[in-house]
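Visitor:
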Amino acid sequence: MQARTLHDQATPNGQGFRDVTPAAVAGLRNTLHIVDVRQPAEFTGELGHIPGAVLVPLATLAAAARAWDPSAEIVLVCRSGGRSSSAAAHLVAAGFSRVMNMTGGMLAYRAQGLPSEP
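In terms of the numbering used here, the sequence shown opens at residue 3 and continues consecutively.
(1) Pick out whichever of G29, A65, S73 has its Cα sitting closest to the Cα of I52.
(2) Check whether the Cβ atoms of V58 and A66 sit closer than 8 Å, and answer yes or no.
(3) Using the rule of at least 16 other Cβ atoms within 10 Å of the residue's Cβ for burial, across every protein chain shown, is R68 buried or exposed?
(4) Provide the residue span of the alpha helix (DSSP H) that contains H9, from first to last.
(5) Using the three-state DSSP reduction, which class does R40 fall into: helix, strand or coil?
(6) Just verifying my parser: in three-state terms, what is the DSSP assignment at L49?
(7) Where does R100 land, buried or exposed, given buried means 16+ other C-beta within 10 angstroms?
(8) Would you kindly work out how many angstroms separate the C-alpha atoms of G18 and A74, rounded to a whole number?
(9) Determine, using beta carbons only, whether A25 comes closer than 8 Å to chain D.
(10) Have a look at M3 and A90 and give me their C-alpha separation to the nearest angstrom.
(11) Identify the continuous alpha helix (DSSP H) that holds V77 and give its terminal residues.
Have a look at this one:
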């Protein structure tokens, strides 16, 4: 029997992607493709970023995504969850099948005291 992945456990939301909690992302951050869609100053700003996350500002997402495996699990992150939700919907429309949005963004992640980098 195949192990359940984070995507399998995430909550479907009707937009084609799934919502995942900050705690779930933190627990698996070393095995996930985490894409932070904020601006560079935000990525290194007061909220920091999730260790291992890749910065891909929202405006550059479509171009960057061309190099990604559309069947890979991808978690999108932003400050509060709005931009990452838009990014997730874009990836689903582009044919990505295992897309997740981290609910509450970095505000929720940091409020829970989860590990971050400057």
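Here a beta-carbon is modelled for each residue, glycine too, at the ideal position from N, C-alpha and C.
Guide: Put simply:
(1) G29
(2) yes
(3) exposed
(4) 8 to 11
(5) coil
(6) coil
(7) buried
(8) 15 Å
(9) As a matter of chain content, chain D is missing from the structure shown, which is built from one protein chain.
(10) For M3, the pLDDT reaches just 44, beneath the cut-off of 50, and the residue's location in the model is therefore unreliable, leaving the point undetermined.
(11) Run containing V77: none in the alpha helix (DSSP H); it sits in the beta strand (DSSP E), 76 to 79.
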